[in-house]
Amino acid sequence: MAEVDEASKPLLRDLKAVGKKFGHVMYPKKSTTLLRDWDLWGPLLLCVTLALMLQGGSADSKEDGGPQFAEVFVIIWFGSVIITLNSKLLGGTISFFQSLCVLGYCILPLTVAMIVCRLVLLGGTGTASFIVRFIVVVASFGWSTFASTAFLADSQPPNRKALVVYPVFLFYFVISWMIVTFSPSHSDGTTDTGP
Amino acid sequence: MSTTERNKNPNSTESWGGFEDNPIQGGGSAVIDMENMDDTSGSSFEDMGDMHQRIKEEEEVSEEAAATEEGDDGEFLGMKGVKGQLGRQVADEVWQAGKRQASKAFNLYGNIDILRPYFDVEPIQVRNRLLESLIPVRIINFPQKIAGELYGPLMLVFTLVAILLHGMKTSGTVIREGTLMGTAIGTCFGYWLGISSFIYFLAYLCNAQITMLQILSLLGYGLFGHCVVLFVTYTVHFHSLFYILWLVVGGLSTLRMVAALISRTVGHTPRLILCATLSALHMLFLLYLHFAYHKIVEGILDTLEGPNVPPFQRIARDIPEVSVALVNTTVKTISATLQSY
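For the protein sequence lines, the chains are E and L, in the order given. In this text, residue positions in the first sequence follow the working numbering: the first is 1, and each later residue adds one. In this text, residue positions in the second sequence follow the working numbering: the first is 1001, and each later residue adds one.
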């Protein structure tokens, strides 16, 4: 029994660290914890959760054209890498994995929105549910962008913040748009016009 | 067998020195020697004289052994040696290739500074360039200035990817053997890089004074018009609106690029070839993007009435009539309601 405890200690410690960082994302303040000791467990967890939940819709209907697991996965990692390279090119002082870590952790509000959306979709797929989902996703989109800029902006030259924020904005916009247009049934009932 | 091989390959004798236990093994040494021929780790030059002595002894022993052994057994051992060497060579090559790749990737990341000048912009500059991409400049006698910058074009291409994804998703486009994302990225980057290279080639033929970087920047900023038009028309589905925007916005951005190209080319025929190609490609690309992935009017009607209709495939349609009919019916109903009040 003691051996099991010993073995699970690092795991528990890592989980605790991940949980602490989740807290930082949900309540973004000028803190460098997320930057100082980066890890990619949290982003991986969030990314897999999001991809799995977006996957569920198109599993039963093949012609849905819904996002596939690989697609979501690729969008998140490829997008993060592009944003990171962009910020490096613009003269940012952040390291590669720090930026990946921050961008990955800041998907958390969107993952939460996805869970809420699935719960709302259980209730029905009318206009009211769409409006609710839309509001939730827009709010979490704003949250994600705000949190990631709060962490990333300090490492950028002050006159170029807008240039760094734009791809971040686009990245979260695409993800949140995927969440809004997600519908588990065969129907294509969401006419998203974008916020 | 083993002696001839050893004579052929002088390097292998080096490795023999390392095996301290060879004399102890006696008659079986020939077999072990063959198997260990690949091993280079055991060579030591501490006792060269001792080694010579040992080699002589071993030669005698191995000659005896070779005489007693049957031919096919020796062949088998020889094969094994060759195989081992081949395997080592292959492994070496794979390792070298992997190392090269890794160091190349690392160098690329390390040499990111090389790209930095192309991303050296201020937000206001980007905004101005975006606006300027829709304003054709009428200076033909003097070469126009084209900024060689890649931040704006790159971001515009990514924006176009996002807009295309939106269009594909809402039009219910189904792509076999591929993802929407891959198709969108392929289309946008393919257009940007492919057409830029093509125009660069043409410009080279036509003797235009323009660099690849400038073409990339010019064409990239030219995509701003595309982004605006597609974003509006994927959202608001009216064909007359699209055609107007296509002519006005697309035309303006095309004119801007054409004017810049004309100012850097000499002679009528080169100008005509270059500009006709560019404008045709640019305008047709916008037309293609709109009609390939846009949501048709029936789609909206269905979503308003009830979502139980399967998504539309790409089929030949006559939209203008439908949209006109739609407008007519709405106008009629409005007038009817007004009259009834």
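In this text, a Cβ means the ideal position worked out from N, Cα and C, and glycines have one as well. Computed from a predicted model, the values in this text were never measured in an experiment.
Item                                                                                                                   : Value
Nonlocal neighbours in the same chain, by C-beta distance under 7 Å from Asn1111/L, ignoring five residues either side : none
Buried versus exposed, by CB contacts within 10 Å (16 or more), Val1090/L                                              : exposed
Enclosing alpha helix (DSSP H) for Arg1264/L [first to last residue]                                                   : Unbroken run through Arg1264/L: none, as it is neither H nor E.
Cα-Cα separation between Ala162/E and Pro1123/L, rounded to whole angstroms                                            : 6 Å
Cβ-heavy atom distance, Lys16/E to the ligand COA, below 7 Å                                                           : No copy of the ligand COA appears in this structure; indeed no ligand is present at all.
Beta carbon of Val1157/L nearer than 8 Å to that of Phe1189/L                                                          : yes
Reference Gln55/E, options Arg160/E, Gly142/E, Arg118/E, Val138/E, closest by Cα                                       : Arg118/E
8 Å Cβ cutoff met for Pro167/E and Ile76/E                                                                             : no
Contacts that Thr1187/L makes with chain E (C-beta to C-beta distance below 8 Å)                                       : Going along chain E, no residue has its Cβ under 8 Å from Thr1187/L, so there is no contact; the nearest lies around 16 Å.
CB contact below 8 Å: Thr149/E versus chain L                                                                          : no
Chain L residues whose Cβ lies nearer than 8 Å to that of Phe173/E                                                     : Ala1162
Inter-residue spacing [alpha-carbon to alpha-carbon] between Thr1159/L and Leu1252/L                                   : 20 Å
Under the three-state DSSP convention, the category Met1001/L falls into                                               : For Met1001/L, the predicted structure reports a pLDDT of 43, less than 50, and the residue's modelled location is therefore unreliable. The matter cannot be settled from this model.
Where the region 1137–1159 of chain L meets chain E: residues whose CB sits under 8 Å from a CB there                  : Tyr1151, Leu1154, Met1155, Phe1158, Thr1159
Closest by C-alpha distance to Val72/E, when choosing among Leu15/E, Lys16/E, Asp154/E, Thr49/E                        : Thr49/E
Top-ranked residue by Cα proximity to Val1126/L, from Arg160/E, Ser148/E, Leu103/E                                     : Arg160/E
Alpha-carbon to alpha-carbon, Leu40/E and Leu1219/L                                                                    : 37 Å
Chain E residues whose Cβ lies nearer than 8 Å to that of Glu1132/L                                                    : By Cβ distance, chain E contributes nothing, its closest Cβ being about 17 Å from Glu1132/L, past 8 Å.
Cutoff 8 Å: Arg133/E Cβ touching any chain L Cβ                                                                        : no
Nearest candidate by alpha-carbon position, reference Gln1214/L, set Leu1193/L, Gly1225/L, Phe1231/L, Val1232/L        : Leu1193/L
Coarse secondary structure for Arg1138/L, derived from DSSP in three states                                            : coil
Test: His1268/L CB closer than 8 Å to a CB of chain E                                                                  : no
Beta carbon of Val137/E nearer than 8 Å to that of Val180/E                                                            : yes
Lys88/E at chain L interface by Cβ criterion, 8 Å                                                                      : yes
Chain-ordered chain L contacts of Gln68/E [CB-CB under 7 Å]                                                            : Thr1179
Partners in chain L for Trp77/E, counting only beta-carbon separations shorter than 8 Å                                : Under the 8 Å cutoff, chain L gives no residues; its nearest Cβ is about 12 Å from Trp77/E.
Three-way DSSP call (helix, strand, coil) for His1237/L in this model                                                  : coil
Candidates Leu1261/L, Glu1149/L, Pro1117/L, Ser1335/L: closest to Tyr1204/L by CA position                             : Leu1261/L
Per-residue burial, Trp177/E [other beta carbons within 10 Å of its own, 16 or more giving buried]                     : buried
contact_flag[the region 1280–1288 of chain L, the region 1226–1242 of chain L] where n(CB pairs < 8 Å) is 3 or more    : yes
CA-to-CA distance, Gly23/E to Lys1145/L, given in whole angstroms                                                      : 50 Å
Coil, strand or helix - Glu1132/L by DSSP                                                                              : helix
Within-8 Å CB hit, His1290/L to chain E                                                                                : no
Proximity winner among Leu103/E, Ser129/E, Asp154/E, Phe69/E, relative to Gly42/E (alpha-carbon distances)             : Leu103/E
Contacts of Ala162/E in chain L (Cβ-Cβ under 8 Å)                                                                      : Pro1123
Reduced DSSP secondary structure (H/G/I, E/B, other) of Ser183/E                                                       : coil
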